[in-house]
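Student: Numbering (the numbering used here), first residue to last: 26 to 451.
Glycine included, every Cβ here is placed at the ideal spot set by N, Cα and C.
Because the structure is a prediction, the values reported are computed rather than measured.
1) Residue range of the alpha helix (DSSP H) that residue 423 falls in?
2) Given this structure, state the Cα-to-Cα distance separating residue 389 from residue 406, to the nearest angstrom.
3) Between the stretch 373 to 380 and the stretch 339 to 353, do three or more beta carbon pairs fall short of 8 angstroms?
4) Roughly how many whole angstroms lie between the Cα atoms of residue 241 and residue 159?
5) So residue 304 and residue 249 are supposed to be a Cβ contact under 8 angstroms. How far apart are they, rounded?
6) DSSP has residue 130 in a bridge; who is on the other side?
7) Throw me the rounded Cβ distance for the residue 146 and residue 126 pair, which I believe falls under 8 angstroms.
8) Flag this pair as yes or no: are the beta carbons of residue 134 and residue 151 separated by less than 8 angstroms?
9) State whether the stretch 222 to 242 contacts the stretch 304 to 314, with contact taken as three or more CB pairs (one from each stretch) at a distance under 8 angstroms.
10) Who are the Cβ neighbours of residue 531 in its own chain at under 6 angstroms, not counting the five residues just before and after it?
11) For a test of the three-state rule: what should DSSP assign to residue 246, helix, strand or coil?
12) Thinking just about the alpha-carbon of each residue, which of 194, 258, 182, 254 is nearest to the one in residue 221?
13) Under DSSP, the beta strand (DSSP E) around residue 114 begins and ends at which residues?
14) How many Å lie between residue 109 and residue 339 at the Cα?
15) Just the C-alpha distance for residue 435 and residue 426, rounded to the nearest angstrom, thanks.
16) Taking all protein chains shown into account, do 16 or more other C-beta atoms lie within 10 angstroms of the C-beta of residue 260, making it buried, or fewer, making it exposed?
17) Identify whether residue 122 lies in helix, strand or coil by the three-state DSSP scheme.
18) Which same chain residues end up closer than 6 angstroms to residue 300 when comparing Cβ atoms and leaving out the 5 residues on each side of it in sequence?
19) If I follow the unbroken beta strand (DSSP E) through residue 158, where does it start and stop?
20) For residue 237, would you say it is in contact with chain D, using Cβ-to-Cβ distances shorter than 8 angstroms as the test?
21) Could you check the C-alpha separation between residue 106 and residue 184 for me, to the nearest Å?
22) Leaving out the 5 sequence neighbours to the left and right, which residues in its chain are closer than 6 angstroms to residue 173 when beta-carbon positions are compared?
23) When the Cα atoms are used, what is the spatial distance from residue 199 to residue 144?
24) Taking the alpha-carbon of residue 296 as reference, which of 117, 357, 327 has the nearest alpha-carbon?
25) Please tell me whether residue 417 and residue 397 are closer than 8 angstroms, where the distance is taken between their beta carbons.
26) When you compare the CB positions of residue 204 and residue 251, do they come within less than 8 angstroms of one another, or not?
27) Can you tell which of 258, 265, 445 has the C-alpha that lies nearest to the C-alpha of residue 309?
28) Report, in whole angstroms, the separation of the C-beta atoms of residue 312 and residue 392, which I expect to be a contact under 8 angstroms.
29) First and last residue of the alpha helix (DSSP H) that includes residue 371?
30) Have a look at residue 231 and residue 223 and give me their C-alpha separation to the nearest angstrom.
31) If you follow the alpha helix (DSSP H) that residue 295 is in, where does it begin and where does it stop?
32) Looking at the unbroken alpha helix (DSSP H) that takes in residue 338, where does it start and where does it end?
33) Can you check DSSP and say which residues form a bridge with residue 357?
34) Please report how far the alpha carbon of residue 290 lies from the alpha carbon of residue 272, in whole angstroms.
35) Let me confirm a value: residue 464 is counted as buried when at least 16 other C-beta atoms fall within 10 Å, else exposed. Which label applies?
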């Protein structure tokens with residue numbers, strides 16, 4: 026049996042007449058209304074969903090005193106229920122939280138200094154602290170982080186799972202240069218297995234399971250590696266020789282659309298599609314292409330070849346979101362533009378508190394961007410001043426900004442057609 030923490034509120038009165046008191050705590054239902062008899066002590070014990078009061082006769086004087094619990098204390102006593110029952114995450118190293126820890130791959134981050142500012146230490150997250158989905162889980166009201174599929178316990182899967190894998194892409198061959206990983210197709214297979222387990226947890230009632238899954242939010246953050254570790258790696262992959270950027274984007278979108286339709290068929294209804302950010306401006310690309318744009322007559326410090334190709338793909342994502350919302354019954358797809366958000370963070374770095382936007386806090390070589398953090402390497406002292414943690418990934422403070430934009434922004438250039446807070450309520 027679960028024993029909920031109990032809070033006590035004491036009320037005293039010497040007023041000559043009975044006094045009506047309305048008591049409300051945000052997040053608790055229903056709102057409580059009580060009648061406080063005159064010259065009596067009222068003591069009320071509050072638990073989730075009810076409040077019991079008892080009265081003791083006695084002579085008391087003074088003003089009516091209402092000891093109100095601060096909302097933060099109430100939240101600490103019993104967290105408000107999440108805005109959605111579960112949160113499922115599909116993606117790459119930007120949101121991987123440990124699925125690659127025990128497979129043969131270079132795309133791993135379960136060593137120091139990764140996790141240096143994270144309570145669980147080097148968990149497999151490719152940053153110093155929380156990832157963007159960790160922050161989103163908190164904003165959505167979950168009491169803890171969504172567990173990695175590789176280590177999740179059966180009892181916890183009703184809250185959701187994280188299937189993301191470093192080096193993963195939409196295409197199966199993407200990221201093979203880094204070793205083993207779980208591409209999107211395999212992540213969806215893992216989700217299919219999860220739905221079977223969940224249906225058994227609903228005593229085989231597939232209708233109830235489908236209704237439950239339809240209320241959850243699904244985070245889809247893929248595509249970066251299909252450019253970084255595929256199309257723009259011509260020594261390892263033939264795609265850039267075989268396809269123009271526009272044709273390649275069309276092929277990616279076709280694959281992605283098919284896989285997202287499969288996810289929909291498995292029960293997903295509220296889906297956040299995350300666009301690719303300005304990966305032509307990450308430290309890795311700045312280190313490789315420092316002088317390339319100057320030779321072309323461009324003043325940009327970034328690899329604009331990559332940014333242009335990504336923009337084609339992102340434009341197609343918006344069209345895909347519109348199409349899904351128009352054609353799939355009950356579908357609520359949202360596009361989150363990390364490309365525009367990343368432009369905003371760089372253009373207004375000082376207002377966001379960043380001093381360094383072109384170097385990794387931890388890394389090797391030019392811009393700390395030629396390779397990722399080495400084991401036990403000493404990172405920068407003040408991670409809050411850096412946009413990038415390493416050659417590819419953001420710091421925790423940047424992840425917080427991205428998550429809050431996705432969750433709260435009212436700008437269509439950030440989120441379309443609604444933000445994730447609205448998606449949760451839809």
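Tutor: This is what the structure holds:
1) Within the chain shown, numbered from 1, the residue matching residue 423 stands at position 398. That run of the alpha helix (DSSP H) goes 421 to 433.
2) Counting from one through the chain shown, the residue named residue 389 turns up at place 364. Counting from one through the chain shown, the residue named residue 406 turns up at place 381. So the alpha carbons of these two residues sit roughly 16 angstroms apart.
3) no
4) For the purposes of this step, residue 241 is taken as residue 216 along the chain shown, with counting starting at 1. For the purposes of this step, residue 159 is taken as residue 134 along the chain shown, with counting starting at 1. Roughly 16 angstroms separates the two Cα atoms.
5) Walking along the chain shown from the start, residue 304 turns up at place 279. Walking along the chain shown from the start, residue 249 turns up at place 224. Between residue 249 and residue 304 the Cβ distance is about 6 angstroms, and since that is below 8 angstroms, they are a contact.
6) On the chain shown, residue 130 is found 105 positions in, with the first residue counted as 1. The partner list for residue 130 (beta bridge, DSSP) reads 204.
7) Position 121 of the chain shown holds residue 146. Position 101 of the chain shown holds residue 126. That pair is no contact at about 12 angstroms.
8) Looking up residue 134 in the chain shown gives position 109. Looking up residue 151 in the chain shown gives position 126. The answer is yes: Cβ separation under 8 angstroms.
9) no
10) Lying outside 26 to 451, the shown extent of the chain, residue 531 is not represented and no answer is given.
11) If you number the chain shown from 1, residue 246 lands on position 221. Residue 246: strand per DSSP, three-state reduction.
12) Taking the first residue of the chain shown as 1, we reach residue 221 at position 196. Taking only the C-alpha atoms, the option nearest residue 221 is 182.
13) Locating residue 114 in the chain shown gives position 89, where the first residue counts as 1. 112 to 116 is the span of the beta strand (DSSP E), which, as asked, contains residue 114.
14) Numbered from 1 along the chain shown, position 84 holds the residue referred to as residue 109. Numbered from 1 along the chain shown, position 314 holds the residue referred to as residue 339. Distance between the alpha carbons of residue 109 and residue 339 is about 27 angstroms.
15) Taking the first residue of the chain shown as position 1, residue 435 is located at position 410. Taking the first residue of the chain shown as position 1, residue 426 is located at position 401. Approximately 14 angstroms, taken between the alpha carbons.
16) Counted from its first residue, the chain shown places residue 260 at position 235. Exposed.
17) Here residue 122 refers to the residue found at position 97 of the chain shown. Here residue 122 sits in strand by DSSP.
18) Within the chain shown, residue 300 is the residue found at index 275, counting from 1. Correct list, in chain order: 339, 342, 362, 363, 364.
19) Looking up residue 158 in the chain shown gives position 133. Here residue 158 belongs to no beta strand (DSSP E); instead the alpha helix (DSSP H) covers 157 to 164.
20) No chain D appears in this structure, which consists of one protein chain only.
21) Taking the chain shown and counting its residues from 1, the one referred to as residue 106 is at position 81. Taking the chain shown and counting its residues from 1, the one referred to as residue 184 is at position 159. Answer to the nearest angstrom: the Cα atoms are 11 angstroms apart.
22) Position 148 of the chain shown, counted from the start, is the residue given in the question as residue 173. Cβ within range, chain order: 122, 123, 124, 187.
23) Here residue 199 corresponds to residue number 174 of the chain shown, with the count starting at 1. Here residue 144 corresponds to residue number 119 of the chain shown, with the count starting at 1. Each residue's alpha carbon lies about 32 angstroms from the other.
24) Position 271 of the chain shown holds residue 296. Considering only alpha carbons, the answer is 357.
25) Start at 1 with the first residue of the chain shown, and residue 417 comes out as number 392. Start at 1 with the first residue of the chain shown, and residue 397 comes out as number 372. Against a cut-off of 8 angstroms, the Cβ pair of residue 397 and residue 417 comes out as a contact.
26) Walking along the chain shown from the start, residue 204 turns up at place 179. Walking along the chain shown from the start, residue 251 turns up at place 226. No, the pair does not count as a contact, with Cβ atoms beyond the cut-off.
27) In the chain shown, the residue the question calls residue 309 occupies position 284. Here the closest residue by C-alpha is 258.
28) For the purposes of this step, residue 312 is taken as the residue at position 287 of the chain shown. For the purposes of this step, residue 392 is taken as the residue at position 367 of the chain shown. Correct: roughly 4 angstroms between the Cβ atoms.
29) Against the chain shown, residue 371 aligns to sequence position 346. Element bounds for residue 371: 363 to 372.
30) Here residue 231 corresponds to residue number 206 of the chain shown, with the count starting at 1. Here residue 223 corresponds to residue number 198 of the chain shown, with the count starting at 1. If I take the Cα positions, the gap works out to 9 angstroms.
31) Translated into the one-based positions of the chain shown, residue 295 becomes position 270. Premise fails: residue 295 lies in the beta strand (DSSP E), 295 to 299, not in any alpha helix (DSSP H).
32) Taking the chain shown and counting its residues from 1, the one referred to as residue 338 is at position 313. Start and end: 329 to 352.
33) Your numbering for residue 357 matches position 332 in the chain shown. DSSP, once it has assigned bridges, lists 295 as partnering residue 357.
34) As a first step, residue 290 must be located in the chain shown, where it is residue number 265. As a first step, residue 272 must be located in the chain shown, where it is residue number 247. Their backbone Cα atoms lie some 27 angstroms apart in a straight line.
35) Residue 464 falls outside the range modelled here, since the chain spans only 26 to 451, and no answer is possible.
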